[in-house]
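Okay, structure first, notes after.
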Amino acid sequence: MNIKSTRDPRDEARKQIVRRAQELGKWETEVRKGGLGLAVLAILWPERLYGLEILRRLDSDAGMSIPEGTIYPLLSRMKAEGLVDSEWVEADAGHPRKYYRLTDPGRRRVREMAQSWRAFAQGLERLLAPMDGDPK
Amino acid sequence: MSNKAGMAHLDTYLDQVRRYLKPLPKSEADEVVAELRSHVLDRMAGQPTPGQVEAAIAALGGPREVARFNLTERVSAEVDEDRSPLTVLRGIARLAGLSLYGAFAGLVSFAGYGIAASFLITAAVKPFARSNAGLWRTPEGGGSYSLALGVTSHVRAHQGQELLGWWIIPIGVGVGLILGWLTWRFGLFSLRLMRRSAQRSRA
């Protein structure tokens with residue numbers, strides 16, 4: 007009996023499900039990446055935070071889990087653009103932490119980004135509405 | 005004991021990151037390294053054991069990768085501010101040591117600007133050194149020959165044949181400018197490519 011040559015249709019179906027999930031995952035990653043800058047600035051709206059706190063909030067509030075080493079270059083770029091400011095603070099933890107806060111131009115920018123994001127999301131929502139309750 | 009070993013492990017990692025960050029000014033590299041150190045220590049609950057340090061480092065990425073994220077982003081920010089050929093070339097040179105493509109882009113850029121400069125210099129010198137500046141074709145024996153561009157010695161000038169005469173001036177200026185422009189565009193393209201590749205690993 008040659009097992010290799012017989013194709014189990016259940017195997018094929020399983021592979022297809024995995025492939026579809028991977029494609030969807032890729033698309034989700036792209037969408038989230040597009041919102042990353044807005045998410046980081048929005049997280050800083052109420053208070054100053056340090057890098058690891060920003061990463062944790064991204065993960066817990068927005069489900070955006072990014073490699074940890076990439077948050078600092080992003081913050082450094084935002085600083086170069088004048089959107090955020092940073093300062094070293096001697097913490098109780100026994101080592102200094104670098105805190106980031108929004109600057110005034112940063113606040114203006116995140117407001118504009120939020121407006122544009124909401125307008126986009128509302129438009130998309132209208133396009134998705136016909137799908138609700140339609141069994142097609 | 006384990007505390008010390010953990011800290012030593014962290015220091016080794018940070019030293020490696022610093023080595024890859026050499027193209028940055030020292031103060032900026034110090035800042036990046038200090039922030040990474042603070043990040044790793046914040047991730048520790050209590051004693052930093054080698055195992056905990058290892059886990060934190062794995063989450064951050066390898067030294068070369070972390071340096072690549074930082075340098076690529078910084079160079080892109082600089083080039084967004086100022087797209088002049090010198091800034092682009094400096095950016096390319098900074099990233100050359102961090103990836104195979106970076107090394108390739110560095111090589112092409114230096115060769116491109118080098119050849120462009122040779123054409124321009126030859127064209128500029130021609131009016132003052134009529135018989136020594138130009139494009140020379142010199143027989144090397146066995147039917148082969150070599151081409152030499154630039155300002156050459158009397159001996160070589162007498163052995164070889166000058167190909168362009170006064171035409172070296174318009175041709176040298178034209179070729180030099182076009183090649184320089186192409187190299188500049190290639191540099192901008194390469195920086196965009198390397199940034200996209202660094203961002204892809206961010207997703």
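Going down the list, the protein sequences come from chains A and B. Numbers 7 to 142, taken from my numbering, label the letters of the first sequence in order. Numbers 5 to 207, taken from my numbering, label the letters of the second sequence in order. All residues carry an ideal CB built from backbone N, CA and C; glycine is no exception.
Below 8 Å on the Cβ atoms is my guess for residue i versus residue j; work out the distance and round it to an integer in Å.
i: B:Ile-96; j: B:Gly-191; result: 5 Å
i: B:Leu-14; j: B:Val-44; result: 6 Å
i: B:Tyr-17; j: B:Pro-52; result: About 12 Å; that fails the 8 Å criterion.
i: A:Glu-74; j: B:Ala-63; result: 5 Å
i: B:Ala-127; j: B:Gly-180; result: 7 Å
I'd like the list of long-range same chain contacts for residue i, defined as Cβ closer than 8 Å, with 5 residues on each side in sequence excluded.
i: A:Arg-62; result: none
i: B:Trp-140; result: Leu-151, Ala-152, Leu-153, Thr-156, Arg-160, Ala-161, Gly-164, Gln-165, Glu-166 and Leu-167
i: B:Pro-54; result: Ser-6, Ala-9, Gly-10 and His-13
i: B:Leu-40; result: Leu-18, Val-21, Leu-64 and Val-70
i: A:Asp-138; result: none
Kindly list the residues whose CB is nearer than 6 Å to the CB of residue i, restricted to its own chain and excluding five residues on each side of it in sequence; keep chain order.
i: B:Ala-100; result: Gly-106, Ala-107 and Gly-110
i: B:Ile-182; result: none
i: B:Ala-81; result: none
i: B:Ser-194; result: Ala-109
For residue i, which of helix, strand or coil comes out of DSSP?
i: B:Ala-207; result: Reliability fails at B:Ala-207, whose pLDDT of 48 lies under 50, so the model's placement of it is uncertain and the value that follows must be treated cautiously. If DSSP states are grouped into helix, strand and coil, B:Ala-207 belongs with coil.
i: A:Pro-73; result: coil
i: B:Trp-140; result: strand
i: B:Leu-151; result: strand
i: B:Arg-87; result: coil
i: B:Gly-95; result: helix
i: B:Gly-169; result: helix
i: B:Gly-101; result: coil
Measuring only from the beta carbon, is residue i closer than 8 Å to any heavy atom that is part of the ligand PLP?
i: A:Gln-128; result: In terms of ligand content, the structure shown is empty, and the ligand PLP therefore cannot be addressed.
Starting from residue i, trace the alpha helix (DSSP H) both ways and give me its first and last residue.
i: A:Asp-65; result: 57-68
i: B:Asp-34; result: 30-47
i: B:Ser-122; result: 104-129
i: A:Glu-87; result: A:Glu-87 -> no alpha helix (DSSP H), and no H or E assigned at all.
i: B:Glu-58; result: 54-64
Which residues in chain C have a C-beta closer than 7 Å to the C-beta of residue i? List them in chain order.
i: A:Leu-55; result: Among the protein chains in the structure shown, which are A and B, there is no chain C.
What is the residue span of the beta strand (DSSP E) that residue i lies within?
i: A:Pro-15; result: Counting along the chain, A:Pro-15 falls outside any beta strand (DSSP E), though it belongs to the alpha helix (DSSP H) covering 15-49.
i: A:Pro-102; result: 102-108
Near residue i, what residues of its chain come up, given a Cβ to Cβ distance below 7 Å and the 5 sequence neighbours on each side ignored?
i: B:Val-112; result: Phe-190
Output needed in chain order: residues of the segment 83-97 of chain A with a Cβ under 7 Å from some Cβ in chain B.
Those residues of the segment 83-97 of chain A that come within reach of chain B (Cβ to Cβ, closer than 7 Å) are Arg-83 and Ala-86.
Under 7 Å, CB to CB, which of the residues in the segment 25-48 of chain A have a partner in chain B?
Thr-35 and Lys-39
Using Cβ-Cβ distances below 9 Å, what residues of the segment 102-117 of chain A are close to chain B?
Pro-102, Arg-103 and Lys-104
Using a beta-carbon distance cut-off of less than 8 Å, what residues from the segment 63-77 of chain A approach chain B?
Ile-72, Pro-73, Glu-74, Gly-75 and Thr-76
Pull out every residue of the segment 42-74 of chain B whose Cβ sits closer than 7 Å to any Cβ of chain A, in chain order.
Ser-42, His-43, Leu-45, Asp-46, Arg-47, Ala-63, Leu-64, Gly-65, Glu-69, Val-70, Phe-73 and Asn-74
Note down, in chain order, all residues in the segment 135-155 of chain B with a beta-carbon under 8 Å from any beta-carbon belonging to chain A.
none
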